[in-house]
Amino acid sequence: MATETRRAKILDATHALLLEVGNAGLTMRKVAARADISLGNLQYHFATREDLFLALLTRFLEPYQQRLETQPFEQDRPFEDEMRDLFLALLETPDFDACAAIYKEIWAASNHSEDVKRVLDTYYSRLDQFYRETLATLTKQEVADARVNQAAAVLLPMIEGYCVTRDAIALPNKAIAYAWASALARILEA
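Residue numbers (this note's numbering): 1 to 190.
Dropping the structure here:
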């Protein structure tokens, strides 16, 4: 089996196990067993559990960011409508629940690994910049930078925090998308 194919199989096994047993229950032996390879072969590809987790983190975060960055926007529509549609598309992504579960595990791992924390911080910095640029574009550069920065400062934790609180909030996705879009519009108006 080619190296990239084997690594993909290992990362698939890691992803599945992370959803089943969580970060605390994820061991190299369990990953090797799930990937149907020896522990030595796993360690050839990923020397440590942290190396494995970092590779999974990169594999997981990059497509999510690319999905956001390729979201089409219509600048001639009202800001609130555009943001509502963006939020609804995000919330109704078929793998949103699995992504939310993985995010929780990533956050847990970042509490115990400086490398995971660093990768996550870098990702969130890029995401914050993307949100700032998107908000500036959608407001047609007519809103002061300070307002855009405030809106982005609310947007990032709002979406990420929802990954944790989703099950406890008894509102349909459409209602959440409307509420978020309305809140951002108010911040940008103030």
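No residue lacks a Cβ here, since even glycine has one placed at the ideal position from N, Cα and C. None of the values given here were measured: they were computed from a predicted structure.
So what's residue i in DSSP terms, helix, strand or just coil?
{"i": "Val193", "result": "Past the edges of the chain, shown from 1 to 190, lies residue 193, and the structure says nothing about it."}
{"i": "Ser38", "result": "coil"}
{"i": "Gln141", "result": "coil"}
{"i": "Phe87", "result": "helix"}
{"i": "Thr27", "result": "coil"}
{"i": "Leu18", "result": "helix"}
{"i": "Asn111", "result": "coil"}
{"i": "Phe53", "result": "helix"}
{"i": "Thr232", "result": "The question about residue 232 has no answer here: the residues shown for the chain are numbered 1 through 190."}
{"i": "Gln65", "result": "helix"}
{"i": "Ile169", "result": "coil"}
{"i": "Phe96", "result": "helix"}
{"i": "Gln71", "result": "coil"}
{"i": "Arg77", "result": "coil"}
{"i": "Ala47", "result": "coil"}
Buried or exposed for residue i, please, with buried defined as at least 16 other CB atoms from any protein chain shown within 10 angstroms of its CB.
{"i": "Asn111", "result": "exposed"}
{"i": "Phe73", "result": "exposed"}
{"i": "Ile176", "result": "buried"}
{"i": "Ile169", "result": "exposed"}
{"i": "Thr27", "result": "exposed"}
{"i": "Val148", "result": "buried"}
{"i": "Val21", "result": "exposed"}
{"i": "Ala152", "result": "buried"}
Could you pull out every residue in the same chain whose Cβ sits closer than 6 Å to the Cβ of residue i, ignoring the five residues on either side in sequence?
{"i": "Met83", "result": "Ala181, Leu184"}
{"i": "Asn23", "result": "Glu105, Ala108, Ala109"}
{"i": "Leu61", "result": "Tyr123"}
{"i": "Leu120", "result": "Ser110"}
{"i": "Ser113", "result": "Glu50"}
Compute every distance between the C-beta of residue i and the non-hydrogen atoms of the ligand ZN, then say whether any falls below 7 Å.
{"i": "Asp76", "result": "In terms of ligand content, the structure shown is empty, and the ligand ZN therefore cannot be addressed."}
Between which residues of its own chain and residue i is the CB-CB distance below 7 Å, once the five residues before and five after are set aside?
{"i": "Val143", "result": "Leu188"}
{"i": "Asp38", "result": "As written in the sequence, residue 38 is Ser, which differs from the Asp given in the question. These residues qualify, in order along the chain: Ala32."}
So, at 8 Å on beta carbons, what are the nonlocal neighbours of residue i in its own chain, with the 5 sequence-adjacent residues on each side left out?
{"i": "Arg29", "result": "Leu39"}
{"i": "Leu156", "result": "Tyr124, Leu127, Asp128, Tyr131"}
{"i": "Val154", "result": "Ala183, Leu184, Ile187"}
{"i": "Leu88", "result": "Asn173, Lys174, Ala177"}
The region 14 to 24 / the region 43 to 56 touching (three or more Cβ pairs under 8 Å): In this structure the region 14 to 24 lies against the region 43 to 56, because at least three pairs of beta carbons, one per stretch, are closer than 8 Å.
Three or more C-beta pairs below 8 Å linking the region 118 to 131 and the region 62 to 75: Yes: at least three Cβ pairs fall under 8 Å.
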